[in-house]
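Peer 1: Here's a structure for you.
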Amino acid sequence: MANAPRSRAEAKSLEAWLRGFTRTVRLPLTATIITGAIGGVLLVLQAWLLARIIDGVIIEHQALQQVWPLLIDLLATFIARAIITALTDIIGFEAAARVKRAIRRQAYAHLTALGPAWSRHERSGDLATTLIDGIEALDQYYARYLPQMALAVFIPLAILVFVFPAYWIAGIIMVITAPLIPLFMIIVGKGAERLNQRQWRKLARMSAYFFDAIEGLTTLKLFGASRAEAQMIADVSDDYRITTMAVLRVAFLSSLVLEFFATISIAMVAVYIGFALYYRELHFLPGFFVLLLAPEFYRPLRNMGSSYHARMEAIGAAEQIVRLLATEAPTPDAPKTEAAPEPALTLRFEQVDFAYQPGEPILTGIDFTLAPGERLALVGPSGAGKTTISQLLLGFLEPSRGIIRIGGTDLRDLPPAAWLARIAWLPQRPTLFHGSVIDNIRLGLTADAAAVRAAAAQAGADHFITNLPQGYDTIVGERGQGLSGGEIQRIALARAFLKNAELIVLDEPDASLDPATAALIGASIERLARDRTMLIIAHRLESVRHADRILVIDHGRIVEFGDHASLIARRGLYATMSALRQDVPA
Amino acid sequence: MTDLLRLLRLFRPYALWLLAGIGLSVVVILANVGLVALAGWFIAAMALSGLSGQLIEYFTPAAGIRALAILRTGGRYAERLVTHEATLRLLAALRVWFYQHLEPLAPARLQYYRGGDLLSRIRADIDSLDNLYLRVLAPTIAAAVTIILLVAFMAAFSVKIALIDLGFLGLAGVALPLVTQRLARWSGRRAVAIRADLRAGVTDTARGLGELLVYQAAARQTETITALSDRLIAGQRRQAWIAGPAAGLAGLAANLAMGLALIIAIPLVRRGDLTGPDLPMIALFVLGSFEAVAPLPAAFQALGETLAAARRIFAIIDTEPTIAEPAHPADPPTRFDLRITNLSMRYTPDSPWALRHIDLAIPEGGRIGIIGETGSGKTSLLNVILRFWAFQEGSITLGGVSLRDLRGETTRGVCAVLAQQTYLFNTTIRANLHLARPGATEAELHDALRQAQILDEVRSFPAGLDTIVGETGMRLSGGQARRIAIARAFLKDAPILILDEPTEGLDAVSERDVLAALERLMQGRTTIMITHRPQSLRLVERVFVMERGRLKQSKG
Chain A
1 MANAPRSRAE
11 AKSLEAWLRG
21 FTRTVRLPLT
31 ATIITGAIGG
41 VLLVLQAWLL
51 ARIIDGVIIE
61 HQALQQVWPL
71 LIDLLATFIA
81 RAIITALTDI
91 IGFEAAARVK
101 RAIRRQAYAH
111 LTALGPAWSR
121 HERSGDLATT
131 LIDGIEALDQ
141 YYARYLPQMA
151 LAVFIPLAIL
161 VFVFPAYWIA
171 GIIMVITAPL
181 IPLFMIIVGK
191 GAERLNQRQW
201 RKLARMSAYF
211 FDAIEGLTTL
221 KLFGASRAEA
231 QMIADVSDDY
241 RITTMAVLRV
251 AFLSSLVLEF
261 FATISIAMVA
271 VYIGFALYYR
281 ELHFLPGFFV
291 LLLAPEFYRP
301 LRNMGSSYHA
311 RMEAIGAAEQ
321 IVRLLATEAP
331 TPDAPKTEAA
341 PEPALTLRFE
351 QVDFAYQPGE
361 PILTGIDFTL
371 APGERLALVG
381 PSGAGKTTIS
391 QLLLGFLEPS
401 RGIIRIGGTD
411 LRDLPPAAWL
421 ARIAWLPQRP
431 TLFHGSVIDN
441 IRLGLTADAA
451 AVRAAAAQAG
461 ADHFITNLPQ
471 GYDTIVGERG
481 QGLSGGEIQR
491 IALARAFLKN
501 AELIVLDEPD
511 ASLDPATAAL
521 IGASIERLAR
531 DRTMLIIAHR
541 LESVRHADRI
551 LVIDHGRIVE
561 FGDHASLIAR
571 RGLYATMSAL
581 RQDVPA
Chain B
1001 MTDLLRLLRL
1011 FRPYALWLLA
1021 GIGLSVVVIL
1031 ANVGLVALAG
1041 WFIAAMALSG
1051 LSGQLIEYFT
1061 PAAGIRALAI
1071 LRTGGRYAER
1081 LVTHEATLRL
1091 LAALRVWFYQ
1101 HLEPLAPARL
1111 QYYRGGDLLS
1121 RIRADIDSLD
1131 NLYLRVLAPT
1141 IAAAVTIILL
1151 VAFMAAFSVK
1161 IALIDLGFLG
1171 LAGVALPLVT
1181 QRLARWSGRR
1191 AVAIRADLRA
1201 GVTDTARGLG
1211 ELLVYQAAAR
1221 QTETITALSD
1231 RLIAGQRRQA
1241 WIAGPAAGLA
1251 GLAANLAMGL
1261 ALIIAIPLVR
1271 RGDLTGPDLP
1281 MIALFVLGSF
1291 EAVAPLPAAF
1301 QALGETLAAA
1311 RRIFAIIDTE
1321 PTIAEPAHPA
1331 DPPTRFDLRI
1341 TNLSMRYTPD
1351 SPWALRHIDL
1361 AIPEGGRIGI
1371 IGETGSGKTS
1381 LLNVILRFWA
1391 FQEGSITLGG
1401 VSLRDLRGET
1411 TRGVCAVLAQ
1421 QTYLFNTTIR
1431 ANLHLARPGA
1441 TEAELHDALR
1451 QAQILDEVRS
1461 FPAGLDTIVG
1471 ETGMRLSGGQ
1481 ARRIAIARAF
1491 LKDAPILILD
1501 EPTEGLDAVS
1511 ERDVLAALER
1521 LMQGRTTIMI
1531 THRPQSLRLV
1541 ERVFVMERGR
1551 LKQSKG
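As they're listed, the protein sequences go chains A and B.
According to this note's numbering, the stretch in the first sequence is residues 1 to 586, in order.
According to this note's numbering, the stretch in the second sequence is residues 1001 to 1556, in order.
Structure (structure tokens):
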């Protein structure tokens, strides 16, 4: 929830972060404040012209022709004010747009710098919300809140300059009441804000309850509980209404106080002026002029209340963005060696340990060699650490201890891009990017349509792709044509065929596929493995039977290794798992 | 428009709250306009009386100014409370209404609405319906009522001025917002589309960063994202260039109305048709009247969004349930042998048969397994038995009673289902179990968990049975969640058991645990199990193969 309770100190530091960006938009921001100030001056001018016209007619008994020039001036002021209003909005937008653009770039760059090992553990939807909706929520802070804060000081002061010479008593009333407004706003607002934030969580919970019921409707129905649930929803919503109203009764007090001071002060000014006029202590012209200015004096102060909301929203959004930016990206040491590609690589894990948190090891003492052309399989229960090994090998994670060597070189000394250029990787759950099938197979590689088709054919994907509505140009991904798990796997496999890399890393390429599809993909993998080095993490044991060597991983350690026959003969974990599964037709 | 009327009909029980909120809005605006106009009149009258030496009764207007100030402030407070109360009542009513209409449609008619994306669209749509009153109805109706009252009052002084006021109010409150919206519609839609693309792009990066790096596409993806971000800003800029001038013009309209009012009123004052103090009063009154139309642009915009949301929600709600309940339901069966004769079923009249000529007889307590490729019709068969989908030909009887004669709820009441995607609610383990047997005692819950072989694990959780599962709570492993679902099935104690890939996605060790629990659960119950796991098939007596909608006994 964007509005989770946070301490004042945190809110302060978040706002400092937001303000840091004003340096980059000083020009448009100053420009909005200047146009806003010009607008304020025009407002005073309009009040003055109006006061003179009315004074001329009812006190000086002038005719329409005599006040006509003033009316023309008034019209000019109207037009000028309209132009200024439009300009203020447009320039305010520019200020906000530049900041949003800069923050989005920075946040996205940081997201990529954090790497796949990090983003794998985050919810992609939440990250997208932070980068898109979160950054959009900053808009009003720069476009409105900041300029209005400046104007909330300038405009009342400017008005006072005119009010004091005209009727000093009104000036005194204004000077006394004006500071009361922000003061009470802060006093009442603080308590209300706390309540408000608690309420936000409650709303989130109520909403979650409702949508949880909708998502689980089938299950409710299976248990015959679906109709009773309507009453539960009614009760939860009703409970929410009652507590919310209790909070709102207090929360709205802040604006009540605000309105009260502003309105009563205007009424007081009006009554004072009235009596001063009655006793002829004051002329009508300055009196009426001050009356016109009084609401304008309080307006920016009252607006502060509404822009305060923009501030709170921006701070709430900033929290998510700052959390993302504050996550430390691994800062790779500058690669010491230029990529020195060896014709055939030997990959070695030398006593590699890995832990996210000290004391909670994920991998301990992993030690193996992968020779050129060899086919090595990792098996073991889920959560044993197999995927972590592949992430280390790809360089997405760094060992906590030990060294991974490529030929004779420490992996950390290789430029990541040069290393990854030699690998094709099929992750556990391949990503289908929003775009056409052909772009999804090509990704960053340059290849013509024929080459893509050939790769797809080798992956057993050409047939179903040509049967898609637009063939290779069909848009797939989150908002495109839906593909089955097996089809996505085959597209990912086609990527690997197209890349034609020396080393192939496959992470459970056949998990949750039906046997026919699994067999199809198994055959493709056989083709892919020919003449290449391969590391395969397996779920189903039949896919590793033909591996040159099998490492059995359990609780982060290599517990057994050998080929299929020798492992079965050992009667260890591998033999047990094999017996449990018995997937392999005898 | 009909959508709007339908929504309003839903609101009827809360009419009093809604009207009270609108009434208070009207009071607030009137008090505000009255305050500035009376203040203008008052000081002019005081000045003229001071100059002429004529006495004036000043207590009433001076008290009136103070009273209006208090009315405005207090009224505003009351208005906000009442409108929020009304909104929250509507919110509760809307959710219950939506849920009640959705319930008969699940799951058959909702299968197209699966997936987070669509669910979140429903979420956004319901939220925007929640705002209909506060953002759309209350401000528009209050504006209409206030404008009528204000213009009528002005007409008492000068019909001409009243008409000018009305004209400019219409310009600023209706014409201008409509034109603006028209102009901004295209760029607004584009901005929404670009934003969706941007969201898809960032989501892709977060999910597939590894692949982008390995396949050297990360730089290109960054370019794409940057370009989309720039296009989004360009779209928003076009909107700012429309919204800014519109705001300026709205202010100009109010000022022009006042200026014209002055030009008309000045000769009237000269002629004596109007008194001196009337002039400032009219000027400030006309200017102040524009407060009534200030919220209208936002309301018009929200109206478009809300109606679009309402249309989508109604489209879901108005779907016919696939199954009509029997007019005179038969008594629940007392035996539980299942017999399927020559069953055929398809999802729509023009789609191919999903199930064709199926014959299957399972005696009470019998256990069968069904294997077959994805899409061969296995799950369709379960949906038909559970009365989630209708069938067109053949018959299904349970203990000799045709399913067509039983209420869907009765049929489902005698079935316990365990599916791959069995849903655990975002609440405690206890509440998830109570779903199956609402009055279950602690001992019964423990017993069910023990039977499902998860009692010890649940006990080891810090909060035990009160552990929250699901998104916001503790993440259970796949095997644990599956066994809690099995415990739920034990509690339900239904004579028929339906298992859809019960061990899918589990590793070998978890699968062993789940199967052991299942074996006990299946004792003495009529069981249909869909699976392609050989070990699971060991638990059944006969195995059938489903192939393109047809069922054959397996030779193996």
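Positions of the beta carbon are idealized from the N, C-alpha and C atoms, including for glycine.
Buried or exposed for A/Arg8, please, with buried defined as at least 16 other CB atoms from any protein chain shown within 10 angstroms of its CB.
Peer 2: Looking up residue 8 of chain A in the first sequence gives position 8. Per the 10 Å Cβ criterion, exposed.
Peer 1: So what's B/Met1529 in DSSP terms, helix, strand or just coil?
Peer 2: Sequence index remark: in the second sequence, residue 1529 of chain B carries index 529 (1-based). Reduced to three states, the DSSP call for B/Met1529 is strand.
Peer 1: Taking only beta-carbon atoms, is B/Trp1241 less than 9 angstroms away from chain A?
Peer 2: Residue numbering aside, residue 1241 of chain B sits at position 241 when the second sequence is read from its first letter. Cβ-Cβ to chain A under 9 angstroms: yes for B/Trp1241.
Peer 1: Inspect the CB distances between the segment 1518-1526 of chain B and the segment 1361-1371 of chain B and report whether three or more fall short of 8 angstroms.
Peer 2: Touching, yes.
Peer 1: With DSSP as the reference, label A/Asp367 as helix, strand or coil.
Peer 2: For the purposes of this step, residue 367 of chain A is taken as the residue at position 367 of the first sequence. Three-state result, A/Asp367: strand.
Peer 1: What would DSSP say about B/His1357, mapped onto helix, strand or coil?
Peer 2: The count along the second sequence starts at 1 and reaches residue 1357 of chain B at position 357. Strand.
Peer 1: Assign A/Phe184 to one of three DSSP states: helix, strand, or coil.
Peer 2: For the purposes of this step, residue 184 of chain A is taken as the residue at position 184 of the first sequence. Note: A/Phe184 maps to helix in three-state DSSP.
Peer 1: For B/Asn1432, count neighbouring C-beta atoms within 10 Å of its own C-beta (all shown protein chains included) and say buried if the count is 16 or more, exposed if not.
Peer 2: Position 432 of the second sequence, counting from 1, holds the residue named residue 1432 of chain B. It counts as buried.
Peer 1: Indicate whether B/Leu1406 and B/Pro1329 have their beta-carbon atoms separated by less than 9 angstroms.
Peer 2: Locating residue 1406 of chain B in the second sequence gives position 406, counting from the first residue. Locating residue 1329 of chain B in the second sequence gives position 329, counting from the first residue. Yes, they are a contact pair.
Peer 1: Determine the extent of the alpha helix (DSSP H) in which A/Trp118 is found, giving its start and end residues.
Peer 2: Along the first sequence, one-based indexing puts residue 118 of chain A at 118. Residues Leu64 to Ser119.
Peer 1: Measure the Cβ-Cβ separation of B/Gly1408 and B/Pro1333 and say whether it is below 9 angstroms.
Peer 2: In the second sequence, the residue the question calls residue 1408 of chain B occupies position 408. In the second sequence, the residue the question calls residue 1333 of chain B occupies position 333. No, these two residues do not count as a Cβ contact at 9 angstroms.
Peer 1: Relative to the C-alpha of A/Arg557, which candidate in A/Val476, A/Thr387, A/Ile362 and A/Gln470 has its C-alpha closest?
Peer 2: Here residue 557 of chain A refers to the residue found at position 557 when the first sequence is read from its first residue. A/Arg557 has its Cα closest to that of A/Ile362, out of A/Val476, A/Thr387, A/Ile362 and A/Gln470.
Peer 1: At the level of alpha carbons, what is the spacing between B/Gly1251 and A/Arg280?
Peer 2: Taking the second sequence and counting its residues from 1, one reaches residue 1251 of chain B at position 251. Taking the first sequence and counting its residues from 1, one reaches residue 280 of chain A at position 280. Roughly 35 angstroms between the two C-alpha positions.
Peer 1: Which of the three DSSP states, helix, strand or coil, is assigned to B/Leu1004?
Peer 2: One-based indexing of the second sequence puts residue 1004 of chain B at position 4. It is helical.
Peer 1: Does the separation of the CB atoms of A/Thr22 and A/Leu146 fall below 9 angstroms?
Peer 2: Against the first sequence, residue 22 of chain A aligns to sequence position 22. Against the first sequence, residue 146 of chain A aligns to sequence position 146. In this structure, A/Leu146 lies closer than 9 angstroms to A/Thr22 by Cβ.
Peer 1: On the CB-based measure, 16 or more other CB atoms within 10 Å of its CB, does A/Ile172 come out buried or exposed?
Peer 2: Counting from 1 along the first sequence, the entry for residue 172 of chain A is found at position 172. Label assigned to A/Ile172: exposed.
Peer 1: Within 10 Å of its beta-carbon, does B/Tyr1077 have 16 or more other beta-carbons around it, so buried, or fewer, so exposed?
Peer 2: Reading the second sequence from its first residue, position 77 is the one you call residue 1077 of chain B. Counting Cβ neighbours within 10 Å, B/Tyr1077 comes out buried, since at least 16 surround it.
Peer 1: Using a Cβ-Cβ distance cut-off of 9 angstroms, determine whether A/Phe184 contacts chain B.
Peer 2: Within the first sequence, residue 184 of chain A is the residue found at index 184, counting from 1. Output row for A/Phe184: interface = no.
Peer 1: So what does DSSP say about A/Phe164, is it helix, strand or coil?
Peer 2: Mapped onto the first sequence, residue 164 of chain A falls at position 164. DSSP places A/Phe164 in helix when its eight states are reduced to three.
Peer 1: List the residues of chain A whose Cβ lies closer than 7 angstroms to the Cβ of B/Glu1291, in chain order.
Peer 2: Mapped onto the second sequence, residue 1291 of chain B falls at position 291. Near B/Glu1291 there are no residues of chain A at all, since even the closest Cβ is about 11 angstroms away, more than 7 angstroms.
Peer 1: Which residues share a DSSP beta bridge with B/Val1458?
Peer 2: For the purposes of this step, residue 1458 of chain B is identified with residue 458 of the second sequence, where counting begins at 1. Beta-bridge pairing links B/Val1458 to no other residue.
Peer 1: So for A/Ala501, helix, strand or coil by DSSP?
Peer 2: To locate residue 501 of chain A, count along the first sequence from 1; it is residue 501. Residue state, collapsed to three classes: coil.
Peer 1: So the candidates are B/Arg1006, B/Ile1429 and B/Arg1185; which of them puts its Cα closest to the Cα of B/Glu1305?
Peer 2: Position 305 of the second sequence, counted from the start, is the residue given in the question as residue 1305 of chain B. For the residues B/Arg1006, B/Ile1429 and B/Arg1185, the minimum Cα distance to B/Glu1305 belongs to B/Arg1185.
Peer 1: Compute the Euclidean distance between the alpha carbons of B/Asp1003 and B/Ala1086, then round it to the nearest angstrom.
Peer 2: In the second sequence, the residue the question calls residue 1003 of chain B occupies position 3. In the second sequence, the residue the question calls residue 1086 of chain B occupies position 86. Going from the Cα of B/Asp1003 to the Cα of B/Ala1086 covers about 20 angstroms.
Peer 1: Under 9 angstroms between C-beta atoms, does A/Val271 make it to chain B?
Peer 2: In the first sequence, counting from the first residue as 1, residue 271 of chain A sits at position 271. So, interface residue.
Peer 1: Can you tell me the Cα-Cα spacing of B/Pro1297 and A/Tyr240, whole angstroms?
Peer 2: Start at 1 with the first residue of the second sequence, and residue 1297 of chain B comes out as number 297. Start at 1 with the first residue of the first sequence, and residue 240 of chain A comes out as number 240. Roughly 30 angstroms separates the two Cα atoms.
Peer 1: Check each residue of the segment 73-86 of chain A: if its Cβ is closer than 9 angstroms to any Cβ of chain B, include it; give the result in chain order.
Peer 2: Listed by position along the chain: Leu74, Leu75, Thr77, Phe78, Ile79, Arg81, Ala82, Ile83, Ile84, Thr85 and Ala86.
Peer 1: Mind checking if B/Met1046 is an interface residue toward chain A, Cβ cutoff 9 angstroms exclusive?
Peer 2: As a working note, residue 1046 of chain B is residue 46 in the second sequence. For B/Met1046, the answer is yes, since a Cβ of chain A falls inside 9 angstroms of its Cβ.
Peer 1: Would the C-beta of A/Leu220 count as close to the ligand MN, meaning under 8 angstroms from any of its heavy atoms?
Peer 2: As far as ligands go, the structure on display features none, and thus does not contain the ligand MN.
Peer 1: Using only the alpha-carbon positions, how far apart do A/Glu360 and A/His555 sit?
Peer 2: Taking the first residue of the first sequence as position 1, residue 360 of chain A is located at position 360. Taking the first residue of the first sequence as position 1, residue 555 of chain A is located at position 555. The alpha-carbon atoms of A/Glu360 and A/His555 are separated by roughly 11 angstroms.
Peer 1: With a cut-off of 9 angstroms, does the C-beta of B/Ala1517 fall near any C-beta of chain A?
Peer 2: Here residue 1517 of chain B corresponds to residue number 517 of the second sequence, with the count starting at 1. Taking Cβ atoms only, chain A never reaches closer than 9 angstroms to B/Ala1517, which makes this a no.
Peer 1: In the structure shown, what three-state DSSP assignment does A/Gln231 receive?
Peer 2: The count along the first sequence starts at 1 and reaches residue 231 of chain A at position 231. Note: A/Gln231 maps to helix in three-state DSSP.
Peer 1: Quick check on the burial criterion: 16 or more other C-beta atoms within 10 angstroms. Buried or exposed for A/Met577?
Peer 2: To locate residue 577 of chain A, count along the first sequence from 1; it is residue 577. By the 10 Å Cβ count, A/Met577 comes out buried.
Peer 1: Can you pull the chain B residues whose beta carbon is under 9 angstroms from the beta carbon of A/Phe288, in chain order?
Peer 2: Taking the first residue of the first sequence as position 1, residue 288 of chain A is located at position 288. By Cβ distance, chain B contributes Gly1040, Ile1043, Ala1044, Ala1047 and Pro1280.
Peer 1: Can you tell me where the beta strand (DSSP E) with B/Asp1331 in it begins and where it stops?
Peer 2: Residue numbering aside, residue 1331 of chain B sits at position 331 when the second sequence is read from its first letter. It is not in any beta strand (DSSP E) - B/Asp1331 carries neither H nor E in the DSSP assignment.
Peer 1: Exposed or buried, which one is A/Leu535 when buried takes at least 16 other CB atoms within 10 Å?
Peer 2: Taking the first sequence and counting its residues from 1, the one referred to as residue 535 of chain A is at position 535. By the neighbour-count rule (16 or more Cβ atoms within 10 Å), A/Leu535 is buried.
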